[in-house]
Amino acid sequence: MQNSEAYLNPSVVQSIKRLDLKAQFIVKGFMHGLHSSPLQGFSVEFSEHRKYEPGDDPKDLDWFLYARTDKYYVKKYEAETNMTGWLVVDSSASMGSDANGERVTKFDYAISLAAALCYLMISRQDPVGLATFGEKLGKSLPPRSKRSQFGSVLSTLAQLRPVGETNVAHSLAQLAGMLKRASLIMIFSDLLGEPEETLRAIYRLRHAGHDVIIFHILDDAEARFPFQGTVELEDPETGETMVVDAEAVRDDYLKSLEAFRERFRREASRAKFDFVELDVTIPFDKALLEYLTARAARK
């Protein structure tokens, strides 16, 4: 049997064809490999009974009610926070770029992680919705906590293709305008674009009372710039190219990347949002741990 470190590697998860199995694989592997959950003791309260449906966990059956009625009912629980989640997935062309021949693209990583978080929230009866974006908001699904929502989200994610240019700030401003209640906003993006405008859009979300988690996803080439010699770099969204001496520009590039991320770290601390730094080589269990720890810290 593979250990959790093996089967939570993104390249292994990528080999699973069905997104629903990927999501369950990631979440169950995370729970299996975690010694103590940051959400241990997370309080829930009994909400109501409902009839048993195929796929419900038998552990939730109320056997005392069965003894009285001779019918199967499950206990429905509701998180006391009743937090509504939004999965906000960048589907622009840059998310599908494969500069270093990675088996897993940023887009693959984003939709797998989003699917896993959807599975986790639905399993806790938390309503979760989906919004995709490029230059503007694209497909969206309103938040639901029913089990059928998981299938709806997966169906939408599975049909997405990374195309077009990015405007993170405009898309987030559109999202802010459509939200009617305070929510947990989980953004999956490489954050291409003007950081000042993106940060203003995030501040608008925070000012409206939303919790925000940004999963900043890079591929290995972007995170480490491992190129040698003369290389031609292409902007995946505009098609513009540039020929550079990799050794000559590596230090400046990595310094610029660190300055970009440090800016977001400082603003995250100031505005109380979470900035999770990822690349496609990082196992999903670590990504989930970052998310759950951030959520637990807000309670």
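With this note's numbering applied, the sequence shown corresponds to residues 28 to 326, in that order.
Using N, Cα and C, we set each Cβ at its ideal position, and we do this for glycine too.
Within 9 angstroms, strictly: CB atoms of residue i and residue j
i           : j           : result
residue 138 : residue 46  : yes
residue 135 : residue 307 : yes
residue 191 : residue 296 : no
residue 304 : residue 243 : yes
residue 154 : residue 170 : yes
residue 25  : residue 112 : The displayed coordinates of the chain run from 28 to 326. Any statement about residue 25 would go beyond what the structure contains.
residue 195 : residue 224 : yes
residue 49  : residue 142 : yes
residue 235 : residue 206 : yes
residue 156 : residue 187 : no
residue 216 : residue 122 : yes
residue 214 : residue 298 : no
Residue range of the alpha helix (DSSP H) that includes residue i
i           : result
residue 110 : Looking at the DSSP string, residue 110 is not in any alpha helix (DSSP H), and its letter there is neither H nor E.
residue 229 : 222-234
residue 247 : 247-251
residue 138 : 133-150
residue 177 : 174-186
residue 96  : 90-96
residue 202 : 195-205
residue 38  : 37-41
The beta strand (DSSP E) enclosing residue i, as first and last residue numbers
i           : result
residue 159 : 155-160
residue 167 : 164-171
residue 302 : 301-306
residue 258 : 257-261
residue 210 : 210-216
residue 270 : 268-272
Residue i to residue j span [Cα, whole Å]
i           : j           : result
residue 280 : residue 253 : 11 angstroms
residue 37  : residue 245 : 13 angstroms
residue 239 : residue 158 : 14 angstroms
residue 266 : residue 231 : 32 angstroms
residue 98  : residue 173 : 21 angstroms
residue 203 : residue 161 : 16 angstroms
residue 256 : residue 292 : 32 angstroms
residue 261 : residue 44  : 29 angstroms
residue 300 : residue 241 : 8 angstroms
residue 200 : residue 101 : 40 angstroms
residue 251 : residue 125 : 14 angstroms
residue 81  : residue 198 : 38 angstroms
residue 96  : residue 79  : 13 angstroms
residue 41  : residue 312 : 14 angstroms
residue 167 : residue 193 : 17 angstroms
residue 52  : residue 146 : 10 angstroms
residue 285 : residue 219 : 14 angstroms
residue 55  : residue 94  : 32 angstroms
residue 131 : residue 274 : 26 angstroms
residue 283 : residue 221 : 13 angstroms
residue 302 : residue 233 : 13 angstroms
residue 86  : residue 287 : 47 angstroms
residue 133 : residue 317 : 18 angstroms
Sequence-distant residues of its chain with Cβ nearer than 6 angstroms to residue i (five each side left out)
i           : result
residue 270 : 259
residue 310 : 35, 36
residue 237 : 209, 210, 212
residue 116 : 137, 141, 159, 215
residue 268 : 259, 261
residue 263 : 120, 121, 124
Cut-off 7 angstroms between Cβ atoms - residues of its own chain near residue i, not counting five sequence neighbours on either side
i           : result
residue 294 : 226
residue 272 : 257
residue 165 : 118, 159
Beta carbon proximity, residue i to chain C, threshold 9 angstroms
i          : result
residue 55 : Going by chain labels, chain C is absent from the structure shown, which holds only one protein chain.
Neighbourhood of residue i by C-beta distance below 8 angstroms, restricted to the same chain and skipping five residues each side
i           : result
residue 277 : 252, 254
residue 163 : 194, 197, 198, 201
Distance cut-off 8 angstroms: residue i Cβ against heavy atoms of the ligand GTP
i          : result
residue 95 : For the structure depicted, the ligand GTP is absent and the ligand set is empty, with no information on it obtainable.
Can at least three beta-carbon pairs, one atom from the region 205-213 and one from the region 177-186, be found at a separation below 8 angstroms? Contact fails: fewer than three Cβ-Cβ distances are below 8 angstroms.
Can at least three beta-carbon pairs, one atom from the region 181-200 and one from the region 84-103, be found at a separation below 8 angstroms? As far as the Cβ criterion goes, the region 181-200 does not touch the region 84-103, which means the pair count is below three.
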